[in-house]
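**Q** Mind looking over this structure? Questions follow.
Numbering (our numbering), first residue to last: 1037 to 1197.
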């Protein structure tokens, strides 16, 4: 289990009990690492600064006890934002109809990058309509994926608020 998996395992129960879901845990840097915890509200309401502060206090307390990072680090709590990363199968379902970019761990049909309109999930694979036709990307092959900032995404996000 790597550091990010360990950290997620430590903090997820408390963060979820507070009414949030963890979108991503990421550690970057080596001299003074930054631990980024990206979270969203379970009720799909917009994240506020107060939400981030509440999560920060809870996560800080948990990590002070467990101490999964041996050196000093900076803790960053954020919301996913409009052009959010897609890290869970349910993200690909939720944002079907919007444009996304997917990068795979290894080539699929001779390519590692897919850009197009998300069509949901079928049998554990992400479906996406690209400019070269429909593609099916096994979720476990996805290295990175994110929504692309488009007028449609902006309008849909504004309508939710």
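The beta-carbon is built from N, C-alpha and C at its ideal position, and this holds for glycine as well.
#1: So, with DSSP's three-state summary, where would you put residue 1064?
#2: Which class does residue 1078 belong to by DSSP, given the choice of helix, strand or coil?
#3: With distances taken between CB atoms, is the gap from residue 1180 to residue 1170 smaller than 8 Å?
#4: Count the other CB atoms within 10 Å of the CB of residue 1140; is the residue buried (16 or more) or exposed (fewer)?
#5: Let's see if you can read the secondary structure: which residues bound the beta strand (DSSP E) around residue 1131?
#6: So, under 8 Å CB-CB, residue 1125 and residue 1157 are touching, yes? Tell me the CB distance rounded to an integer number of Å.
#7: I'd like the list of long-range same chain contacts for residue 1166, defined as Cβ closer than 7 Å, with 5 residues on each side in sequence excluded.
**A** This is what the structure holds:
#1: For the purposes of this step, residue 1064 is taken as the residue at position 28 of the chain shown. Strand, per DSSP.
#2: To locate residue 1078, count along the chain shown from 1; it is residue 42. Correct three-state label for residue 1078: coil.
#3: Translated into positions along the chain shown, residue 1180 becomes position 144. Translated into positions along the chain shown, residue 1170 becomes position 134. Contact: no.
#4: Residue mapping note: residue 1140 aligns to position 104 of the chain shown, counting from 1. Per the 10 Å Cβ criterion, buried.
#5: Taking the chain shown and counting its residues from 1, the one referred to as residue 1131 is at position 95. Neither: residue 1131 is in no beta strand (DSSP E) and is coded neither H nor E.
#6: Along the chain shown, read from residue 1 onward, the residue named residue 1125 stands at position 89. Along the chain shown, read from residue 1 onward, the residue named residue 1157 stands at position 121. About 5 Å separates the two Cβ atoms, so the contact holds.
#7: Residue mapping note: residue 1166 aligns to position 130 of the chain shown, counting from 1. Answer for residue 1166: 1150, 1151, 1152, listed in chain order.
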